[in-house]
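Report on the following structure.
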Amino acid sequence: MLKITPILLAIMYGFVMYRFSAWRTAKALDTQSTELVDPMLKVMTDRMAAALGLDKIKVHIYEIDPVNGLAAPDGRIFITRGFYNKFRAGDVSADEMASVIAHELGHVALGHSRRRMIDFSGQNALRTALAMVIGRFIPGVGPWIAGFLTSLVAARLSRNDEYEADAYAAALLTKAGIGVKPQISLFRKLEKLTAAKGGAMPAWLLSHPKTEERIAALEALQLKWEPTPLP
206 MLKITPILLA IMYGFVMYRF SAWRTAKALD TQSTELVDPM LKVMTDRMAA ALGLDKIKVH
266 IYEIDPVNGL AAPDGRIFIT RGFYNKFRAG DVSADEMASV IAHELGHVAL GHSRRRMIDF
326 SGQNALRTAL AMVIGRFIPG VGPWIAGFLT SLVAARLSRN DEYEADAYAA ALLTKAGIGV
386 KPQISLFRKL EKLTAAKGGA MPAWLLSHPK TEERIAALEA LQLKWEPTPL P
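What follows is the structure, given as structure tokens:
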């Protein structure tokens, strides 16, 4: 029992930290967001809602500058003010904004937010276990190696989530008559849209698959689902 106590404590710590992080995120979103009211985007969300058999898809504006979309742990969908400003300026089309909303709906529908609670706790347990084992053979650097290996696992899980959310969005957009093309066109311009701050890593690309790989996956789905136009 004593041997596994550190692992159990790590799991408990991970769970508590996740709950605290979720609470803090929800509080920030509550105080810094309002419901999105835009006639053009409502047309898009209504089409997606009809495809899902819903009365309405509610989207919120999160009052921060970075270009991003997110799905909160409680299931709410957010578009940042920075992203919405790009739409208002004509840099992003209504169809492309719909693809962002569909992607975040995918995270909610596929349970990624809930699953990440388990992943976060499990990663803390894995980090502790690896540090104990590796530390016996390589004293001093065991925790560093354990943290590095755990980060690789976390990045892989995150990339899988993004591919799944992309596929969900592609299916929803196709069913809604919007199609996969807006997803692809947005990915092609996303780095440019987010490169305004000294070339920093775009928010959408953190721990995400390479853009070209995501585009290739979407193009494969497009060939499968969308009929080829006659010459």
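Using my numbering, count along the sequence shown one by one with no gaps and you end on 436. Ideal Cβ placement from N, Cα and C applies to all residues, glycine included. As the structure is a computational prediction, the values presented were derived from the model and not from experiment.
Check, Outcome
"Residue from H265, D270, I306 and A376 whose Cα sits closest to the Cα of A422", "A376"
"Nonlocal neighbours in the same chain, by C-beta distance under 8 Å from H265, ignoring five residues either side", "L234, S238, T239, E240, L241, R281, I282, F283 and I284"
"Between the CA atoms of F292 and V313 - distance to the nearest angstrom", "23 Å"
"Distance between A307 and R286 (C-alpha atoms, nearest Å)", "18 Å"
"Cα-Cα separation, Y368 to R419", "7 Å"
"Local conformation of L426 per DSSP, three classes", "helix"
"Limits of the alpha helix (DSSP H) - the one that A255 falls within", "P244 to L257"
"Collapsed DSSP secondary structure at I306 in the structure displayed", "helix"
"Residue closest to Y267, alpha-carbon to alpha-carbon, out of P278, Y373, A303 and Y289", "Y289"
"Same chain, Cβ closer than 6 Å to K247, neighbours up to 5 away in sequence not counted", "none"
"Option in K394, P387 and A276 with minimal Cα separation from M457", "Residue 457 falls outside the range modelled here, since the chain spans only 206 to 436, and no answer is possible."
"Where the alpha helix (DSSP H) containing I389 begins and where it ends", "K386 to L398"
"Proximity to I262 [Cα-Cα], best of A276, K232, I269 and V297", "A276"
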